[in-house]
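Okay, structure first, notes after.
Residue numbers (our numbering): 1 to 298.
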């Protein structure tokens with residue numbers, strides 16, 4: 001399956017105004033004031049939106065929207081899902097209109113995480129001008145960023161993403177939340193699709209009530225990260241992990257809570273990989289420095 005990148009994500013929100021102010025004042029995204037009733041389009045590049053926030057009874061992660069190259073790739077992907085006995089529903093005309101795509105297909109992974117395949121995004125080509133002064137986000141051919149999803153049924157999910165969706169293994173980790181050696185290790189596998197971003201998806205061997213561990217947004221400059229950290233503190237948003245630099249994708253970032261109950265990783269300097277020359281490895285430490293996740297559990 002030829003997945004090109006994470007094209008968009010949907011988010012469920014009981015209070016759209018919380019997301020409106022968080023996206024604009026903290027993340028520095030543009031908010032479309034002409035969005036349909038019950039929805040928010042959050043813009044971070046030349047596309048009409050990258051985050052679609054939908055009014056719902058609960059707060060949480062909605063779905064990951066994966067982009068394929070065109071109509072033929074879309075039909076081939078649906079055929080491959082059906083061949084693997086994955087239940088697929090084609091999106092209605094209203095679904096496609098809301099997401100501003102030509103066609104849409106909806107399905108779930110073995111742990112129930114929601115996914116959407118699409119082709120042909122509508123683009124308004126309106127220049128991105130951050131209301132908070134963000135110089136830009138790193139998107140383009142690498143998609144909007146990466147997402148980390150819960151996968152308690154780890155082997156089944158890993159096989160699904162690699163054998164059905166066609167993701168490749170970038171690298172892996174095993175982590176504990178405490179120094180207690182009796183605590184079982186949790187596996188994290190980092191997966192790439194058909195672009196140079198180190199990973200567009202990761203799966204984590206642990207249930208997460210919000211439906212997502214974190215969503216990563218990469219900014220164009222390191223100063224954008226520092227200023228976002230300042231805006232987070234000024235807005236009273238809870239810090240989930242301190243500033244640090246990861247060992248695997250080399251991202252300098254921090255983590256903060258979102259109104260959806262999952263974290264946002266705001267980072268810069270992520271590794272771009274030549275997959276023909278890459279060999280997967282296991283990181284035994286999460287970061288070269290920083291990234292103290294204990295602050296988020298306090």
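Glycine residues also receive a C-beta, built at the ideal position from the N, C-alpha and C atoms.
| Item | Value |
| --- | --- |
| Own chain, CB closer than 7 Å to residue 176, minus 5 neighbours either side, in chain order | 183, 185 |
| Alpha-carbon spacing of residue 16 relative to residue 80, whole angstroms | 36 Å |
| Option nearest residue 141 by Cα separation, candidates 38, 8, 281, 298 | 8 |
| When 206, 123, 195, 43 are compared against residue 148, the one with the closest alpha-carbon | 206 |
| Spatial neighbours of residue 232 in its chain, beta-carbon cut-off 7 Å, leaving aside the 5 residues before and after | 26, 239, 256 |
| Proximal residues to residue 292 (C-beta, below 7 Å), its chain only, five neighbours per side dropped | 241, 242 |
| Outcome for residue 37 when other beta-carbon atoms lying within 10 angstroms are tallied against a minimum of 16 | exposed |
| Range of the contiguous beta strand (DSSP E) that encloses residue 241 | 239-246 |
| contact_flag[the region 161-173, the region 190-199] where n(CB pairs < 8 Å) is 3 or more | yes |
| Complete beta strand (DSSP E) runs within the region 151-212 (minimum length 3 residues, chain order) | 168-175, 186-192, 201-204 |
| Cβ of residue 64 within 8 Å of any chain C Cβ | Checking the listed chains, one finds no chain C in this structure; it contains a single protein chain. |
| For residue 235 and residue 229, the rounded distance between their alpha carbons | 10 Å |
| Contact under 8 Å by Cβ, residue 128 with residue 65 | no |
| Assumed close pair residue 217, residue 262 - CB separation to whole angstroms, cut-off 8 Å | About 13 Å separates the two Cβ atoms, so there is no contact after all. |
| Contiguous alpha helix (DSSP H) assignments of at least 4 residues, all confined to the region 13-41 | 16-21 |
| Inside the region 82-155 only - alpha helix (DSSP H) runs reaching at least 4 residues | 93-99 |
| Residue 270 and residue 197 closer than 8 Å at C-beta | yes |
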